[in-house]
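*Asks:* Input: one structure, supplied below.
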Amino acid sequence: MPYRSGVTEDGLARRLKALACTAPLHDLEARKVNLAGEYSVYAMAEIGLTAIDLVTVTMDFDTGADHEEVVARLRPRVAAQAPERGAAEHERVARWVLENLINVGSVDRGFRAVYGTLTQGGGYVRRDYDFKLLEEVPGPDGDIFLRATDEAVNVLVGALDTDVTSAQIAAEVKLEHLIRRGRLAEARFAAEQARYRTVQYAETLRRALEATRRNVRAVDWLKAVPDLIDEALDHVAERYRHENAILTNIRRARDEAEEPEHKRSAAELVDIVQDCIRRHTQLQTRLMEAGPLFRAEQDRQAFAARPQRQGLDLYGQLLRPVLELGVADARSVTDRFFASGTGLRTPVAVRLHDLTELLLTPPVEREHLGAELPEPDLVATPDDSRFSEAQHDAAAVLLDLPPDAPRRLSGLLAEARAGDPDLPYLVALLAFHAASPPVGTALRQGDRSLLVAVDDGVLLDDPEVGGADLIVGTALLTAEPDPGPGPGSGPGPGAGREQRGDGVPEMDMDVGVDVSMDVMSLMDVPPDRQGGTA
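Just so we're aligned, residue 1 is where the sequence shown starts under the working numbering, counting upward by one.
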């Protein structure tokens with residue numbers, strides 16, 4: 001019989017997640033005994049909660065808390081727990097707690113908890129829950145700031161993963177009720193809870209806008225975000241009126257209080273509520289900028305031109321020009337190429353121990369010709385190519401056409417099929433590649449002829465191959481140098497090639513091409529060459 005309890009699985013999962021968020025704080029207490037020193041006097045969980053509170057209160061909508069500033073503000077708390085210890089140890093403890101809350105040692109700097117739930121059929125399923133307490137985010141000027149996550153705020157308020165808007169309204173209603181009853185000590189705690197919820201609410205909206213800056217398509221700007229912005233604007237307007245009314249009551253209680261303790265508590269409440277009003281005002285400004293931000297990011301991401309990178313012809317633009325240089329000039333080029341192409345080299349740090357051992361080691365007698373080289377065990381690589389060397393040779397002979405005698409692809413396929421049933425596929429493949437011939441590469445490699453193919457609109461009539469009945473022929477290539485900038489400036493030494501700053505001659509890409517076989521003449525194939533014979 002499947003197990004059933006009175007607690008819903010959703011409620012149990014939320015409680016397990018809330019419990020998991022406190023595990024890093026308990027882990028601080030458990031792992032302090034592993035530190036090199038006596039640190040049992042420090043309450044690490046208390047220091048961790050203080051660090052989360054400092055980051056939460058310090059961070060703003062666009063920025064966060066500075067790492068060193070948080071450590072500096074943690075030191076008095078640490079020093080109060082062990083005043084007899086030195087300042088260096090206090091700073092070391094504060095830094096250790098902060099780094100463990102960030103989880104510096106992990107890959108993604110996060111925490112993972114495993115919990116289980118029951119399925120509809122009564123089965124038990126284990127699930128992973130990934131979360132962070134403090135995360136490092138880059139600022140507008142490139143600096144790294146600390147921000148508290150929703151899980152960290154839930155740890156501060158001691159609550160489950162609840163709706164942020166409802167929780168903030170409930171906290172402020174509780175605050176107003178306590179102020180009217182004059183319970184300022186409890187009202188301060190409620191005011192801090194309301195401020196935490198304000199920060200959490202702003203963080204939810206900030207993440208939506210930050211995701212828009214990264215990728216507009218990742219955020220639902222058709223319905224979800226507009227509804228969120230409208231709800232947030234209504235919420236901010238309502239909270240602004242409500243918090244101003246609370247602020248008026250607190251000031252009245254501060255002015256009417258006679259005891260110094262009540263006056264001090266009321267003054268602290270005024271600062272906290274004013275901070276909430278300031279954060280809501282800043283949040284309203286960001287909400288008003290959300291629409292223009294979306295349109296600007298859409299224009300930037302959707303209509304930005306893609307970066308175009310021109311490829312480098314290693315043979316024509318690098319190897320051949322270098323081979324034409326002298327040894328002295330080519331050496332500087334090859335040194336720079338191999339220094340950049342072989343990657344980084346880690347410099348060897350000399351240790352005195354290794355140097356002494358190396359100097360005291362007697363020299364090893366070596367053979368005149370060196371050590372005997374091992375005989376490599378060569379394994380034949382299987383030939384998995386579709387066509388054999390003989391078929392490639394036969395196709396090359398078949399496509400070795402005179403420049404003045406082009407042929408139809410259909411005739412070439414028929415002639416190839418007569419000798420080998422697989423040869424027509426190779427001939428068709430080579431002919432299709434010839435439809436877009438690499439003229440520039442052939443010129444740089446010094447080729448004098450090139451196989452070309454032209455489509456004149458005639459369909460291919462073949463039992464196995466479909467497409468256009470291309471006209472295939474051989475074109476003769478002749479490289480003509482550029483005449484130069486004007487009359488009287490003849491092509492001096494190195495014409496057609498510019499000299500770069502590093503000594504490597506740059507290949508001139510504007511070389512004239514004289515194709516001896518007119519492409520238009522391919523359209524007029526004689527009838528006796530349209531079939532299988534030339």
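Glycine residues also receive a C-beta, built at the ideal position from the N, C-alpha and C atoms.
Comparing C-alpha positions only, which one of G122, F111 and P138 sits nearest to Y129?
*Replies:* It is F111.
*Asks:* What does DSSP give as the partner residue(s) for Y124 in the beta ladder?
*Replies:* Looking at the DSSP assignment, Y124 forms a beta bridge with L118.
*Asks:* Can you have a look at M288 and say buried or exposed, based on whether 16 or more other CB atoms are within 10 angstroms of its CB?
*Replies:* When all chains shown are included, M288 counts as exposed.
*Asks:* Quick one, which of N244, A266, E261 and A245 has its alpha-carbon nearest A253's?
*Replies:* Out of N244, A266, E261 and A245, A266 has the C-alpha closest to the C-alpha of A253.
*Asks:* Say whether the segment 79-92 touches the segment 110-125, bearing in mind that this needs 3 or more beta-carbon pairs closer than 8 Å, one atom from each stretch.
*Replies:* Flag = no, the segment 79-92 and the segment 110-125 do not touch.
*Asks:* Could you please give the first and the last residue of the uninterrupted alpha helix (DSSP H) stretch that includes R386?
*Replies:* Unbroken run through R386: none, as it is neither H nor E.
*Asks:* Out of Y315, G466, L360 and I144, which one is the CA nearest neighbour of T441?
*Replies:* Nearest option by C-alpha distance: Y315.
*Asks:* Expressed to the nearest angstrom, what Euclidean distance is found between the alpha-carbon atoms of A416 and R444?
*Replies:* Cα to Cα, the separation comes out at about 32 Å.
*Asks:* Could you tell me whether the segment 424-433 touches the segment 457-474, using the rule of 3 or more Cβ pairs below 8 Å?
*Replies:* With a cut-off of 8 Å, the segment 457-474 and the segment 424-433 count as touching, because enough Cβ pairs lie within range.
*Asks:* Would A418 be called buried (16 or more neighbouring beta carbons within 10 Å of its own) or exposed?
*Replies:* That one is exposed.
*Asks:* Look at the Cβ atom of V55, then the Cβ atom of A202, and state whether they are nearer than 8 Å.
*Replies:* Contact flag unset, no.
*Asks:* Note down the Cα distance separating T539 from R286, rounded to an integer number of angstroms.
*Replies:* Here the chain comprises residues numbered 1 to 534, so residue 539 is not present and cannot be evaluated.
*Asks:* Let me check one thing: in DSSP terms, what residues is P138 bridge-paired to?
*Replies:* Beta-bridge pairing links P138 to I144.
*Asks:* Mind listing, in chain order, the continuous alpha helix (DSSP H) runs of no fewer than 4 residues lying wholly within the segment 241-302?
*Replies:* Complete alpha helix (DSSP H) runs here, min 4: 260-288 and 290-302.
*Asks:* How far does the alpha helix (DSSP H) with S436 in it reach, from first residue to last?
*Replies:* Run containing S436: none; DSSP gives neither H nor E here.
*Asks:* Could you compute how far the alpha carbon of E210 sits from the alpha carbon of D455?
*Replies:* Cα-Cα distance, rounded: 52 Å.
*Asks:* Could you check which residue in E69, T212 and G64 has the C-alpha nearest to that of G139?
*Replies:* Residue G64 is the option with its Cα nearest to G139.
*Asks:* Which same chain residues, not among the five before or five after E297, have their C-beta less than 7 Å away from its C-beta?
*Replies:* Correct list, in chain order: T212, R213 and V216.
*Asks:* Going by alpha carbons, who is nearest to R207 out of T248, L409, D60 and N244?
*Replies:* It is D60 whose Cα lies nearest to the Cα of R207.
*Asks:* Taking all protein chains shown into account, do 16 or more other C-beta atoms lie within 10 angstroms of the C-beta of R127, making it buried, or fewer, making it exposed?
*Replies:* Result: exposed.
*Asks:* Where does Y39 sit, in a helix, a strand or coil, going by DSSP?
*Replies:* Looking at Y39 - three-state DSSP - the assignment turns out to be coil, as it is neither helix nor strand.
*Asks:* If contacts are defined as beta-carbon pairs under 8 Å, then H90 and V78 qualify, I think. What distance do you get, rounded to the angstrom?
*Replies:* The pair is a contact, with the Cβ atoms about 4 Å apart (cut-off 8 Å).
*Asks:* Closest by CA to G446, which one among S436, Q317 and E38?
*Replies:* Here the closest residue by C-alpha is Q317.
*Asks:* Please report how far the alpha carbon of V439 lies from the alpha carbon of V472, in whole angstroms.
*Replies:* Going from the Cα of V439 to the Cα of V472 covers about 16 Å.
*Asks:* Secondary structure at F338, three-state DSSP: helix, strand or coil?
*Replies:* Looking at F338 - three-state DSSP - the assignment turns out to be helix.
*Asks:* Measure the alpha-carbon distance for E403 versus D329 and round it to whole angstroms.
*Replies:* Correcting the residue type first, residue 403 is Pro in the shown sequence and not Glu. Cα-Cα distance, rounded: 41 Å.
*Asks:* Could you spell out where the beta strand (DSSP E) holding A453 opens and where it closes?
*Replies:* Taken as a continuous stretch (DSSP letters only), the beta strand (DSSP E) holding A453 covers S449 to V454.
*Asks:* Have a look at the DSSP bridge pairing and note the partners of A468.
*Replies:* Partner(s): L459.
*Asks:* So, at 6 Å on beta carbons, what are the nonlocal neighbours of V41 in its own chain, with the 5 sequence-adjacent residues on each side left out?
*Replies:* If we look at V41 and ignore the five residues flanking it on each side, its Cβ neighbours are A82.
*Asks:* On the CB-based measure, 16 or more other CB atoms within 10 Å of its CB, does F338 come out buried or exposed?
*Replies:* Its Cβ having fewer than 16 others within 10 Å, F338 is exposed.
*Asks:* From A20, A43 and A18, pick the residue whose C-alpha is nearest to that of A30; which is it?
*Replies:* A30 has its Cα closest to that of A43, out of A20, A43 and A18.
*Asks:* A453 to L459, Cα distance in whole Å?
*Replies:* Looking at the two C-alpha atoms, the distance is approximately 14 Å.
*Asks:* Pick helix, strand or coil for A414, following the three-state DSSP scheme.
*Replies:* The answer is helix: DSSP assigns A414 an H, G or I state.
*Asks:* Taking the alpha carbon of E99 as the point to measure from, which residue in E135, S340, P76 and P362 has its own alpha carbon closest?
*Replies:* E99 has its Cα closest to that of E135, out of E135, S340, P76 and P362.
*Asks:* So, helix, strand or coil for L49, using DSSP?
*Replies:* Residue state, collapsed to three classes: helix.
*Asks:* Which residues does DSSP list as the beta-bridge partners of Y129?
*Replies:* Answer is A113.
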